[in-house]
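Under mature numbering (1 follows the signal peptide of the UniProt record, and there is no 0), the letters of the sequence shown match residues -21 to -1, 1 to 569, in that order.
For every residue, glycine included, the Cβ atom is placed at its ideal position computed from N, Cα and C.
Just so we're clear, the structure is a prediction, and the values are computed from it rather than from any experiment.
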Amino acid sequence: MSRKLAVALAWFVICSASVSAGSPKTVFEHSGGSGSADYDQVLAFYRELVDAYPERACLRERGMTDAGEPLAILYLSFDGCEQLPGKGGQRPRLLIMNGIHPGEPAGVTASQMFARDALAEPERAGLDKVDIAIIAAYNIGGMRNRGNPTRANQVGPEAYGFRGNARNLDLNRDFVKADSRNAMSFTRLFHDFDPDLFVDTHTTNGADYQHVITLLATQADQLGGSLGEYWRQRFMPMLYGRMARRGENAVPYVNVFGQDPGEGWTEFLDTPRYSSGFAAMFQVPGIVSETHMLKPFEQRVEAQRTLLVVGMRLLAEHGETLRDHRLADRRDWPTRDHLPVAWALDEDAEPEQLEFRGYEARLVDSPFGRDEQRRVFDRSKPYRRSVPYRNRYEPSASIRRPAAWVVPRGWHGVIERLEANDVHMVEITESVAVDAEVGRIGPVESLDSPWEGHFYHHRYEVTWAPERSVVLQPGDHVIPSDQPAVRYLAAVLSPASPDAFARWNFFDTVLGRKEHFSPYIFETHAIEMLEEDAELRAAFESAKVRDEAFAASRTAQLRWLYERSRFAESAYRRFPILRLPHWSGDSPGN
């Protein structure tokens, strides 16, 4: 037996023996470390906890999911959880998400044991200094779709759920587009609880190595401000160090697929579609914990449990400092002239050096295909070596912060998502003309097949120009930019952002025409246009000279003139969101 496995099993036995009389035990413990709980068993366990510790624990329903069942949230607080999840609590707050991918149940199990231990010994755990919210299992539909045939790369447990939710969505791509009821319910919970630290538990593969757990922490440059620096320079180093002292030598998420991690890797960029990237838009640092799916299930559970214990202790000791940085940045971002909306690796930055514990790898011939090879990791040849970790990013696209954005009344799906995200909006009550920047949509390129229910646009160009006397209608919503949600607003309303609503097809209806012309009728108008407008006629003749195909095509020429005529529809490829250079803060209709 390896030393690592012996330590993990010994710790498992100690922890099992330490369960106080009357405290519930998990399915994992009853099974000797091979089983995981189904959804009903998870809820039953938490109900037992609440019955055992009613003064410090409560289980509440919060919002509906696509499975037709509400999210279940376990709240833990030393002084009682009646005030939770309301904002303004004095203690730092930890939000734990489990079961977003129910085939990865180590975090579900670890959270059960973590919650029980925190309630049994609150001062030792830090519960006297930290309030906690635990999402029992986010993807209830996937938890209900239970079996053991769907994860070819995973070792145990005996049964587990499925990655897709009740609508077959991957919920860890849904935090911005919020197609699922789950995402809308989570969004409201997230803002009501306003955590200081967010943890999302997962299991991963991609390569084989010695580490049981790797951590996909919020990318510090994207987080930005003083919070990003504190996160990179202080909080995460403390967390890695304390985990190592407990026997978990974690490293940043090993972001390789089919490559040898012994050559180093690039930090994963968690854009707002992902849980931690979404949280970062509101100055909430996050950790997506990835236990390695080739390690025994009991090791994966213990690694997740160690992370939660260490994270809570750090919050108990340093949560006020973390919150100070969060609040300072929330005040700072709305005052900035420019806002980053996309990021790229800084190729000129010196990589950090990590101590990586891997296995020697080699390529062997594959019996499949022609001249194909696969990578084999030799566990009989472990190593420790320093590898380069490229973890510096810089903005690849930024926007000048407008005074406000305008969402026209018809785009209610956008308005609903902004409302769920605690965005301050002013509804127009009377028609009013304003000066605005209006966007015209240029080239758009999309995936060839649907991904997560959308034909995602990987290219979406918009040209902005000032326009006077744009009429706002009653029901339109003006969104001032001088508010704490400004980074989220820039990310979802600016088409340069990779997770903008525009990229996720929210505005695709403006990409197609609704009215057309009949050449046999319009041709008379076209002749009149050229006769009456010398400037237009010159541009038309120039276009024919430049483009031989255009010069030969009656249809192309008539379309060119139609697009410049009084008949052309103004909504075609007009970006629905307006940017206002000036905004007084009051509704013109009030």
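Given residue i as reference, the closest of the options once Cα atoms are compared
i	options	result
Gly42	Leu168, Ile119, Val87 and Ala94	Leu168
Phe93	Val405, Arg70, Asn370 and Glu281	Glu281
Gln62	Arg39, Glu48, Gly14 and Thr44	Arg39
Arg72	His297, Asn184 and Asp478	His297
Arg292	Gly418, Ser254 and Arg103	Arg103
Ala138	Leu206, Ala115, Ser13 and Ala97	Ser13
Leu318	Arg492, Pro381 and Ala307	Pro381
Val366	Glu351, Glu334 and Cys60	Glu334
Val233	Ala196, Glu208, Glu277 and Met222	Ala196
Thr182	Ala464, Arg369, Gly78 and Glu326	Gly78
Gly393	Phe154, Val471 and Leu324	Just to set this straight, residue 393 is Val in the shown sequence, not Gly. Nearest of Phe154, Val471 and Leu324 to Val393, Cα basis: Val471.
Asn144	Glu431, Leu557, Val489 and Ala513	Glu431
Arg482	Asp30, Arg438, Thr285 and Ile119	Arg438
Ala479	Ala469, Asp487 and Thr488	Ala469
Ala199	Asn370, Tyr25 and Glu507	Asn370
Lys274	Asp512, Ala85, Gln20 and Leu194	Ala85
Ser544	Asp350, Ala550, Ser563 and Ala505	Ala505
Pro429	Glu329, Pro251, Arg123 and Asn484	Asn484
Pro49	His9, Pro128, Ser164 and Pro101	Ser164
Asp45	Arg123, Thr442 and Gln278	Arg123
Lys493	Asp526, Arg533 and Arg552	Arg552
Residues that DSSP places opposite residue i in a beta bridge
i	result
Asp179	Met76 and Val267
residue 612	The structure shown does not extend to residue 612, since the chain is modelled only from -21 through 569, so no value can be given for it.
Trp443	Gly418
Gly126	Tyr139
Glu373	Ala323
Leu194	Pro231 and Ser268
CB of residue i within 8 Å of CB of residue j, strictly
i	j	result
Val230	His190	yes
Ile113	Ile52	yes
Ala89	Ser2	no
Ser345	Arg353	yes
Asp149	Arg142	yes
His403	Val423	no
Arg305	Asp110	no
Pro17	Arg125	For clarity, residue 17 is Asp in the given sequence; the question names Pro instead. Yes, these two residues count as a Cβ contact at 8 Å.
Leu451	Val386	no
Phe214	Leu287	no
Asp455	Arg379	no
Asp239	Lys66	no
Gly135	Gly121	no
Leu218	Trp210	no
Asp325	Tyr372	yes
Ala376	Phe356	no
Gly241	Phe177	no
Ser254	Thr180	no
residue 570	Val320	Any property of residue 570 remains undetermined from this structure, which presents the chain solely from -21 to 569.
Leu106	Ala115	no
Gly82	Arg130	yes
Val405	Val457	yes
Phe554	Gly418	yes
Arg396	Arg252	no
Tyr188	Arg336	yes
Asp171	Pro64	yes
Residue i - containing beta strand (DSSP E), residue span
i	result
residue 573	In the structure as shown, the chain begins at -21 and stops at 569. Residue 573 is therefore absent and cannot be evaluated.
Asp303	Per DSSP, Asp303 belongs to no beta strand (DSSP E); it is in the alpha helix (DSSP H), Phe276 to Asp311.
Gly337	Glu331 to Asp344
Pro361	Gln352 to Arg369
Trp384	Ala383 to Val386
First and last residue of the uninterrupted alpha helix (DSSP H) at residue i
i	result
residue 575	The chain is shown only over -21 to 569; residue 575 falls outside these bounds and no answer can be derived.
Asp19	Tyr18 to Ala31
Leu397	His391 to Ala399
Pro459	Counting along the chain, Pro459 falls outside any alpha helix (DSSP H), though it belongs to the beta strand (DSSP E) covering His456 to Pro459.
Asp200	Ala199 to Leu202
Asp96	Ala85 to Ala99
Asp110	Counting along the chain, Asp110 falls outside any alpha helix (DSSP H), though it belongs to the beta strand (DSSP E) covering Asp110 to Ile114.
His170	Arg160 to Phe172
Glu34	Premise fails: Glu34 is in no alpha helix (DSSP H) and is neither H nor E.
Tyr467	Val465 to Leu472
His9	Val6 to His9
Gly256	Ser254 to Ala259
Gly185	Segment: none, Gly185 is in no alpha helix (DSSP H) and carries neither H nor E.
Met217	Met215 to Arg224
Residue i: CB within 7 Å of a non-hydrogen atom of the ligand PLP
i	result
Leu148	Within the structure as shown, the ligand PLP is missing, as the structure has no ligands at all.
Chain C contact for residue i (CB, 8 Å cutoff)
i	result
Asp153	The displayed structure is made up of one protein chain only, and chain C is not part of it.
Does the segment 536 to 546 come within contact of the segment 516 to 523, defined as at least 3 CB pairs closer than 8 Å? In short, these stretches touch, since the Cβ pair count reaches three.
Three Cβ pairs or more, each shorter than 8 Å: is that satisfied between the segment 444 to 464 and the segment 308 to 323? With the cut-off at 8 Å, the segment 444 to 464 and the segment 308 to 323 touch.
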